[in-house]
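Here the UniProt record's numbering is used: the first residue of the sequence shown is 1, the next is one more, and so on.
For each residue, glycine too, the CB sits at the ideal point set by N, CA and C.
These numbers come from a predicted model, not from an experiment.
Here's the structure, in structure tokens; my notes come after.
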Amino acid sequence: MTTSTRQQHTAGGPHPGAPADHAHGVAAARATDLSKIYGQGETQVVALDRITVDFRQAEFTAIMGPSGSGKSTLMHCMAGLDSISSGSARIGDTELTKLKDKKLTQLRRDRIGFIFQAFNLLPTLTGLENITLPMDIAGRKPDKEWLDRVIRTVGLTDRLKHRPNQLSGGQQQRVAVARALASRPEIIFGDEPTGNLDSRAGAEVLGFLRNSVRELGQTVVMVTHDPVAAAYADRVVFLADGRIVDDMAEPTADGVLERMKSFDAKARTS
Numbered sequence: 001m002t003t004s005t006r007q008q009h010t011a012g013g014p015h016p017g018a019p020a021d022h023a024h025g026v027a028a029a030r031a032t033d034l035s036k037i038y039g040q041g042e043t044q045v046v047a048l049d050r051i052t053v054d055f056r057q058a059e060f061t062a063i064m065g066p067s068g069s070g071k072s073t074l075m076h077c078m079a080g081l082d083s084i085s086s087g088s089a090r091i092g093d094t095e096l097t098k099l100k101d102k103k104l105t106q107l108r109r110d111r112i113g114f115i116f117q118a119f120n121l122l123p124t125l126t127g128l129e130n131i132t133l134p135m136d137i138a139g140r141k142p143d144k145e146w147l148d149r150v151i152r153t154v155g156l157t158d159r160l161k162h163r164p165n166q167l168s169g170g171q172q173q174r175v176a177v178a179r180a181l182a183s184r185p186e187i188i189f190g191d192e193p194t195g196n197l198d199s200r201a202g203a204e205v206l207g208f209l210r211n212s213v214r215e216l217g218q219t220v221v222m223v224t225h226d227p228v229a230a231a232y233a234d235r236v237v238f239l240a241d242g243r244i245v246d247d248m249a250e251p252t253a254d255g256v257l258e259r260m261k262s263f264d265a266k267a268r269t270s
């Protein structure tokens with residue numbers, strides 16, 4: 001995507017990604033002194049080094065950093081997809097390290113939404129059936145009013161009866177976004193959700209994620225390497241060598257790119 005894909009924020013003007021009426025400041029997820037270490041002895045790798053960070057409710061946060069900085073590891077630990085070595089990770093008031101496997105599975109199913117590069121849609125199901133599948137498996141009936149609102153927000157009303165092979169890449173990822181939103185999770189984690197899309201389709205999906213925050217009060221945390229994608233967020237958290245090195249509010253694509261360049265320059269001279 002190019003910087004022209006999205007209109008840049010104007011100085012002093014409202015941030016396009018900012019939610020209209022939803023309260024900020026309450027943590028939807030929190031890491032405290034979180035460390036993740038792989039291996040032992042000489043082969044030991046510190047992927048995350050005592051990270052402390054809050055992801056606030058009704059806010060769109062992007063996580064950025066060079067390859068190997070720990071950004072995907074942080075998201076996986078916060079989402080309960082990977083164990084942590086020390087410290088704590090919370091979703092709301094729930095401490096993940098205290099949960100047994102069954103309770104952790106229930107938490108991921110009931111309170112967290114996921115969006116990945118791969119759309120992970122079942123080819124034999126329609127768009128609507130893919131959206132409601134997690135709730136069907138859990139034996140829960142969708143909230144029809146909320147589901148209709150989600151479908152309108154992501155612009156899929158006329159695509160619900162189509163199967164994945166009848167949808168474009170952007171439309172398939174919008175189905176995946178709607179699936180993540182449909183159960184009203186407390187937080188959505190996205191790991192490079194536009195990584196397999198062209199710039200137009202990527203902008204489409206990012207716009208819908210931003211709208212889900214602004215119009216539906218959703219909380220979104222997204223890992224990305226793309227400054228343009230990060231500029232859709234309310235905030236960008238930068239990682240390097242397993243540590244948080246910066247935290248930018250109201251990002252622009254150019255501002256994020258300059259910050260990333262400064263980290264690269266420091267890495268070359270250190």
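For the pair glycine 255 and alanine 233, the Cα-to-Cα distance works out to about 13 Å. With 16 or more neighbouring CB atoms inside 10 Å of its own CB, glycine 170 falls in the buried class.
Comparing alpha-carbon positions, the option among Arg163, Ile188, Ala229 lying closest to leucine 122 turns out to be Arg163. Look at isoleucine 115 here: in three-state DSSP terms it is strand. Contact between arginine 179 and proline 134 is confirmed by a C-beta separation of about 7 Å, below the 8 Å threshold. Glycine 190 carries a strand assignment under DSSP once its states are collapsed to helix, strand and coil. When the alpha-carbon of glycine 80 is set against those of Asp136, Leu99, Ala176, the nearest one is in Leu99. Apart from the 5 residues on each side of it in sequence, isoleucine 112 sits with its Cβ closer than 8 Å to the Cβ of Ala79, Gly80, Ile91, Pro185, Glu186, Ile187, Ile188, Phe189 in its chain, given in chain order. When only Cα atoms are considered, arginine 159 and glycine 39 end up about 47 Å apart.
Note on isoleucine 84: 16 or more other CB atoms within 10 angstroms of its CB, so buried under the neighbour-count rule. Residue state for glutamate 250 is assigned as coil, using DSSP reduced to three classes. Aspartate 148: member of the alpha helix (DSSP H) spanning 144–153, first to last residue. Here the alpha carbon of threonine 132 sits roughly 44 Å from the alpha carbon of threonine 43. Between threonine 153 and leucine 216 a beta carbon distance of about 6 Å is seen, short of the 8 Å cut, so the two are scored as contacting. The Cβ-Cβ distance between leucine 239 and isoleucine 115 does not fall below 9 Å. If one requires a minimum length of 4 residues, the alpha helix (DSSP H) runs lying completely within the stretch 13–86 are 71–78, in chain order. For lysine 141 and leucine 156, the gap between their C-alpha atoms comes out near 20 Å. Exclusion of the five residues before and after glutamate 204 leaves Gly170 as the residues of its chain whose Cβ lies within less than 6 Å of its Cβ.
Leucine 239 carries a strand assignment under DSSP once its states are collapsed to helix, strand and coil.
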